[in-house]
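Asker: Residue numbers (our numbering): 82 to 461.
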Amino acid sequence: MKKEHLTEEQMIFQDAVRTFFEREITPNNEQWEKDGQVSREAWLKAGANNFFGIDVPEKYGGMEIDDYRYNTILIEEGVRSLSSGFAHSVQNDLVVPYLLSHCNEEQKKRWLPKICSGETIGALAMTEPSGGSDLAGIKTTAKDMGDHYLVNGSKTFITNGLLSDFVITAVKTDSKKNAKGISLLVLERGMKGFERGKKLEKIGQKAQDTAELFFKDVKVPKENLLGEEGKGFYYMMENLPKERLSIAAGSIAVIEFILELTIQYCHERKAFGQKIGSFQNSKFKLAEMTTEAEIGRTFYDQCVFELNDKTLTPEKAAMAKWWLTELELKVVNQCLQLHGGYGYILEYPIAQAYLNSRVQTIYGGTTEIMKEIIGRSLGF
Ligand SMILES: Cc1cc2nc3c(=O)[nH]c(=O)nc-3n(C[C@H](O)[C@H](O)[C@H](O)COP(=O)(O)OP(=O)(O)OC[C@H]3O[C@@H](n4cnc5c(N)ncnc54)[C@H](O)[C@@H]3O)c2cc1C
82 MKKEHLTEEQ
92 MIFQDAVRTF
102 FEREITPNNE
112 QWEKDGQVSR
122 EAWLKAGANN
132 FFGIDVPEKY
142 GGMEIDDYRY
152 NTILIEEGVR
162 SLSSGFAHSV
172 QNDLVVPYLL
182 SHCNEEQKKR
192 WLPKICSGET
202 IGALAMTEPS
212 GGSDLAGIKT
222 TAKDMGDHYL
232 VNGSKTFITN
242 GLLSDFVITA
252 VKTDSKKNAK
262 GISLLVLERG
272 MKGFERGKKL
282 EKIGQKAQDT
292 AELFFKDVKV
302 PKENLLGEEG
312 KGFYYMMENL
322 PKERLSIAAG
332 SIAVIEFILE
342 LTIQYCHERK
352 AFGQKIGSFQ
362 NSKFKLAEMT
372 TEAEIGRTFY
382 DQCVFELNDK
392 TLTPEKAAMA
402 KWWLTELELK
412 VVNQCLQLHG
422 GYGYILEYPI
432 AQAYLNSRVQ
442 TIYGGTTEIM
452 KEIIGRSLGF
């Protein structure tokens, strides 16, 4: 967020988050990239610092602060820490909103305290091997067996797929229906027939465990249904704007951070006896990107205020998601070019950003799907 958009308390929070990432995340990132996942210890430490469930009521272990600027600070500091896998945003921006909106009292008491403490790691499983954009077409079924559902099917590309203890899973409780046949069930670690596939090898975000999930006759008690049967698709549509804004938050943070590093590099590096930034091409590229970053930041911060006021529309969240993620790809690519050969060397943050950024225009709904959403609002 722009400094002038933060309160004094939020700046103190920002300092605390920065220190936490510097001490607990950055030094471990290299090892976690080798392991392909972040340690549970890091999750517990983040929980002990109250970094999960900021908007969760205190009686369930949260901070009871309903202001998305806090979530934005966590995402921005995560980017600056060069962490390539600590998916705290999945817990805060994807999992917690469903629980706050659709859990009954008993479920909130059962699940939220351990989500806030980091003892429980959450995931959201919508995508299936047969497709992610066409959510209404999912094939995983949940058959009503009286006091429980029998779940069969599979999911893929699930963030926190291996580490998660608690997976909000989109299932078809009525296979004859499309969107209206979808419900959300919580599948928990240890349920018989709930298996994890292998960790998927990705081109970036190496410390994040992205995995397949398999369900074979998994007995899921009715007490694990979120909200009402048949309303799952509606709930997902309701929550996706926040998820999309969280991805846009990562994009604007990367844009600003990489641009800062590149401007510095263009001051330091010389060719033909002059700073490379003083060549007209470099200077104009940096000027264009600085302008775009400013526009992007202004738009992003405005979206946060609208989310806080509960006026952010799905179309506007889709605009922020596609425009900022595409801008991120463009800026990172151009900044890499300005780094010359060093831009291709992995010890430089620009090279890592190049690999880590690529997925941003894909997950949380592709650029094309975002434009579909906006196009529909124009009556097409
Ligand atoms: C690292 C990573 C982490 C992820 N984490 C999660 C997670 O935690 N939970 C989860 O549920 N999913 C997750 N996903 C899945 C992600 O959300 C999907 O990959 C994404 O929604 C696209 O679905 P798909 O891969 O099936 O592509 P497809 O739907 O097969 O699309 C392929 C191409 O066709 C285009 N296309 C599809 N439909 C249309 C249309 N109507 N008009 C125009 N073009 C169209 C798409 O834009 C895309 O370019 C993750 C993916 C990755 C790579």
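Glycine residues also receive a C-beta, built at the ideal position from the N, C-alpha and C atoms. Only a predicted model underlies this, so the values are computations on that prediction, with no experimental measurement involved.
1) State yes or no: is the C-beta of W113 within less than 8 Å of the C-beta of G199?
2) Quick one: using the 10 Å Cβ neighbour count with 16 as the cut-off for buried, is H348 buried or exposed?
3) Tell me H465's beta-bridge partners as DSSP assigns them.
4) Alpha carbons only, please: which of K115, Q345, K411 is nearest the one belonging to S332?
5) Inspect the beta-carbon positions of S363 and N152 and report whether they are closer than 8 Å.
6) Is V171 near ligand 3, going by C-beta to nearest heavy atom under 7 Å?
7) Let me know the secondary structure DSSP gives F275 once reduced to three states.
8) Would the region 302-309 and the region 369-378 be scored as touching if the rule is three or more Cβ pairs under 8 Å?
9) Give a yes or no on whether the C-beta atoms belonging to Y381 and A432 are separated by under 8 Å.
10) Using three-state DSSP, classify Q289 as helix, strand or coil.
11) Sorted by chain position, which residues of the same chain lie with C-beta nearer than 8 Å to A168's C-beta, five sequence neighbours on each side aside?
12) Extract the residue ranges of the beta strand (DSSP E) inside the region 200-250, only unbroken runs of 3 or more that lie entirely within it.
13) Find the nearest neighbour of Q441 within the set M207, P430, E409, S458, judged by alpha-carbon distance.
14) On the CB-based measure, 16 or more other CB atoms within 10 Å of its CB, does T392 come out buried or exposed?
15) Considering only C-alpha positions, which residue in the set I450, V301, E453, D228 is nearest to I37?
16) Counting Cβ pairs closer than 8 Å, one from the region 134-142 and one from the region 156-164, do we hit at least three?
17) Can you check whether the CB of L265 is closer than 8 Å to the CB of G218?
18) Can you tell me where the beta strand (DSSP E) holding S363 begins and where it ends?
19) Please report the straight-line C-alpha distance between V335 and E375, rounded to a whole angstrom.
20) Could you check if G128 is buried or exposed, using at least 16 other CB atoms within 10 Å of its CB as the buried criterion?
21) Starting from L342, follow the alpha helix (DSSP H) in both directions and report where the run begins and ends.
22) At what residues does the beta strand (DSSP E) containing I484 begin and finish?
23) Would you mind sorting L427 into buried or exposed? The rule is 16 or more other CB atoms within 10 Å of its CB.
24) For F295, which residues does DSSP report across the bridge?
25) What residue does the alpha helix (DSSP H) around Q188 start on, and which one ends it?
26) Please classify L125: does DSSP put it in a helix, a strand, or coil?
27) For G456 and E304, I'd like the C-alpha separation in whole angstroms.
28) With a CB to CB cut of under 7 Å and the five nearest residues on each side skipped, what residues in its chain are close to L243?
29) If W403 sits next to T343, beta carbons under 8 Å apart, how far is it from one beta carbon to the other, in whole angstroms?
30) Measuring alpha carbon to alpha carbon, tell me which of R378, T107, S235 ends up nearest T208.
31) Compute the minimum distance between the beta carbon of T542 and the heavy atoms of ligand 1, and state whether it is under 7 Å.
32) Which value, in whole angstroms, describes the spacing of the CA atoms of K253 and F295?
33) For P430, which option in E111, T100, A97 has the closest C-alpha, if you only look at C-alpha atoms?
34) Is V232 closer than 8 Å to G203 when the C-beta atoms are compared?
35) For a test of your reading of the model: does the CB of V176 fall under 7 Å from any non-hydrogen atom of ligand 1? Yes or no.
36) Spatial neighbours of P210 within its chain, please: CB distance less than 7 Å, with the 5 preceding and 5 following residues excluded, ordered by chain position.
Answerer: By the coordinates alone:
1) no
2) exposed
3) The shown model of the chain, from 82 to 461, leaves out residue 465, and the question about it has no answer.
4) K411
5) no
6) Of the ligands one can find in the structure shown, namely ligand 1, none is ligand 3.
7) strand
8) no
9) no
10) coil
11) V119, T240, N241, Q289
12) 203-206, 222-225, 229-240
13) E409
14) exposed
15) A question about residue 37 goes unanswered here, because the residues of the chain that appear run from 82 up to 461.
16) no
17) no
18) Note, S363: premise wrong, no beta strand (DSSP E); alpha helix (DSSP H) at 361-389.
19) 13 Å
20) buried
21) 313-349
22) Outside the modelled stretch of the chain, which goes from 82 to 461, sits residue 484, for which no answer is possible.
23) exposed
24) S235, E276
25) 186-198
26) helix
27) 39 Å
28) Q118, R277, K280, D290, A292
29) Not really, about 23 Å apart at Cβ, beyond 8 Å.
30) S235
31) This structure leaves residue 542 out entirely; the chain is present only between 82 and 461.
32) 15 Å
33) E111
34) no
35) no
36) S235, T237
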